[in-house]
Structures are given as C-alpha cells and as structure tokens.
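Number of protein chains: 2
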Amino acid sequence: MIIEIDFNSDEALYQQLCNQIIMGIAMDHFHEGESLPSVRQMAETVGINMHTVNKAYSILKQQGFLQVDRRRGAVIAIDADKMYALEELRSDLTVTLAKSCCKNITKDEIHQMIDEIYDNYMRSFS
Amino acid sequence: MIIEIDFNSDEALYQQLCNQIIMGIAMDHFHEGESLPSVRQMAETVGINMHTVNKAYSILKQQGFLQVDRRRGAVIAIDADKMYALEELRSDLTVTLAKSCCKNITKDEIHQMIDEIYDNYMRSFS
DNA sequence: ATACTGTTATAATATGTATATAACAGCAAG
DNA sequence: CTTGCTGTTATATACATATTATAACAGTAT
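Chains as they are written, first to last, in my numbering: chain V, 4 to 129; chain X, 4 to 129.
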C-alpha cells in the first residue's frame, strides 16, 4: 500500500494520513487483522515526524479503525459502531449535498457518482 | 435565517459560517439576489469578529456563492461552475464513502440517506 | 454631512500543526 | 538478562492558522 503525502496541500499531514489509511482499508489494500507499519517506520517511509504519525494512529484508534496490540503494534480492527457512523455520515452528506445543490448538480448525478466510486474503488461486502 | 456558531466545535468559526450559509442557500432560506447582513451586522448577530465574517464572505465569493455589490453588499449569486463542482464533489465523496464502507454501511443505505436529505432539506429545482 | 457598505492594514493573542530529543513500560527473541 | 522492537508520554521549539482589536479608506444611499 503506497501512501503519498502532499506537502503543498492545505490539508494537515496527519489528516491526509488518516484519510489514506481509511481509503486503504475501504479499497482492501489493508485487511482486518493486518498490522500497520510502526509509527517510526511509517514516519520514515512517508517522510514525516513520528509524532505526526502517532497523532494519526491515535485518531484512527479513537474512531474505531485500529486497535493497538502491545506485541503487534497498530492493527486494523473495525469497530463498526453503525449508529455513530450513520450520524457522522448524515452530517457530512448534508454539507456536501448543500454545496452540490447550489451548483445545480442533480440528485441523479450524485447517485450515479456514488455508484461509480463504490463499484470501482470500494471493497465489496454488501 | 438563524445561524448558530458552536464555539466548542473543532471546526473553524469561518468554516462553520460558510457551511451554514451554503446550507441556507440550498434550503432556500437565502434566495438568489438576496443580500446577506453586512459583515459588521452578521458579526454582532452571531457573536464573532468582523474579520472572521469577512473571511467567510471572501471564501464564499471566491467559491462562487456570493458577489459583492458596492451598493447592496454581499449578494447571493451562484456561479455554477459545474466542472469544478463535480471534481470537488468526487473528492469529498471518496473519503466519505471510504469511511462508510469500513463501517459496513451499504450502498443502498447511502442512496437512501441522500434521497432523504435531498427531499427533506434541499430546494427543488431538478 | 451622515451613516452605512466592503476592503485593507497592522498588531496582538490564541490555537493548531509539525518537528526534535528523550525517556518509559511492555513484549519477543537471542 | 540483554537487546531491540512496540506504543506512549513529556517537553521544547518553530511555524502556520485563526481570531480579535483598532483604525482607516473609498464608495454609496439618504
């Protein structure tokens, strides 16, 4: 799994790292039970500081994407708290849809784009 | 139109303001051609600084939601650059869908939620 | 002239981000 | 038991961003 950090982006480094790991899981490049590189190793690989990686891992742990095993390090372990995930999804989508609505993007176009992203990039389990 | 700022949120104040104005437009609480309160008045109303409001207005202007009329102040004026809007939408949705996918939220549940948000909150034009 | 617009400039403060160096406790393997 | 790897924590520093404050300017409407 290749992780690329854009140092010119206005998105925080730890945030980019979080998103890319989440997308990696969704795209099945990381599998449940698999260990991530250690904070020090990941830091060296992507060229950022250990603490920045640690912050990303901590957030992912708190959001239920990782668990920490003293022996094996950061392990992919999805805690599918669906209630909370649905609330967050609704909140995200409301802003996203509002923007799209203002720009005259139709509901159908959005549905179509979701199918396209889901079918091409997301692991299939449902 | 009631705008509420959450001072305990980790989202920047100007960002909250941007989002709420965009949602206000999408929900038809603000109409094309309507003037927003002046930066000073909006600042007083929601309890933040004039410059924070000015930043929000500047961003909205740059993103094509407002235009500035010397006489009438900040006026709702949608510049529907659909190409750019679609690119941004795709980028937003990719992260959002990845999160949802990890949490075992199905594609159907997302489609359903989008219909619900769109039908209940968004102005209908399509 | 007065009172509003948006805009700009400057400064001060607070918060968030990123890095550097160092240390600690838990665990595995030699 | 020592060595080397985990995550975690602490502290310090540098930098960027966010927020507020005070002030001024050029338009415009009344």
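Beta carbons: idealized from backbone N, C-alpha and C, even for Gly.
Please read these numbers as outputs of a predicted model, since none were measured by experiment.
When DSSP labels each residue in this structure, what does L63(X) get in the three-state scheme? Position 60 of the second sequence, counted from the start, is the residue given in the question as residue 63(X). Reduced to three states, the DSSP call for L63(X) is helix.
Whose C-alpha, out of L63(V), K102(V) and L100(V), is nearest the C-alpha of A83(V)? Position 80 of the first sequence, counting from 1, holds the residue named residue 83(V). The shortest Cα separation from A83(V) among L63(V), K102(V) and L100(V) belongs to L63(V).
With contact counted as at least three CB pairs below 8 Å, one residue from each stretch, are the stretch 97–113 of chain X and the stretch 23–32 of chain V in contact? They touch, by the three-pair rule.
Step through the CB atoms of chain X and report whether any lies within less than 8 Å of the CB of S12(V). Against the first sequence, residue 12(V) aligns to sequence position 9. Not closer than 8 Å to any Cβ of chain X, the Cβ of S12(V) fails to qualify, so no.
So, does the stretch 72–81 of chain X touch the stretch 37–57 of chain X, judging by three or more C-beta pairs under 8 Å? Contact between the stretch 72–81 of chain X and the stretch 37–57 of chain X is present: three or more C-beta pairs spanning the two stretches fall below 8 Å.
Given 8 Å, three or more beta-carbon pairs between the stretch 7–22 of chain X and the stretch 103–119 of chain V: The stretch 7–22 of chain X vs the stretch 103–119 of chain V: no contact.
Among Q115(V), N52(V), I81(V) and H54(V), which has the Cα closest to the Cα of H34(V)? Along the first sequence, one-based indexing puts residue 34(V) at 31. Among Q115(V), N52(V), I81(V) and H54(V), the Cα nearest to that of H34(V) is on I81(V).
How is the beta strand (DSSP E) around A77(X) delimited, first residue to last? Taking the first residue of the second sequence as 1, we reach residue 77(X) at position 74. From DSSP, the beta strand (DSSP E) with A77(X) extends over G76 to I79.
Secondary structure at L69(V), three-state DSSP: helix, strand or coil? Numbered from its first residue, the first sequence carries residue 69(V) at position 66. It is a strand residue.
Beta-carbon gap between S103(V) and A59(X) smaller than 8 Å: Looking up residue 103(V) in the first sequence gives position 100. Looking up residue 59(X) in the second sequence gives position 56. Not closer than 8 Å, so no.
If you drop the 5 nearest sequence neighbours on each side, which residues of the same chain put their C-beta closer than 8 Å to that of D9(V)? Here residue 9(V) refers to the residue found at position 6 of the first sequence. Q19.
Any chain X beta carbon closer than 8 Å to H32(V): In the first sequence, the residue the question calls residue 32(V) occupies position 29. H32(V) does not count as touching chain X.
Interface flag, T97(V) vs chain X, CB-CB below 8 Å: As a working mapping, residue 97(V) is identified with position 94 in the first sequence. It does; some Cβ of chain X falls within 8 Å.
Nearest to Y124(X) (by Cα), restricted to the options E14(X), D13(X) and D31(X): Here residue 124(X) refers to the residue found at position 121 of the second sequence. Ranking E14(X), D13(X) and D31(X) by Cα distance to Y124(X) puts D31(X) first.
Compare the C-beta of L92(V) with all C-beta atoms of chain X and state if any pair is closer than 8 Å. The count along the first sequence starts at 1 and reaches residue 92(V) at position 89. With respect to chain X, the C-beta atom of L92(V) has a partner C-beta closer than 8 Å.
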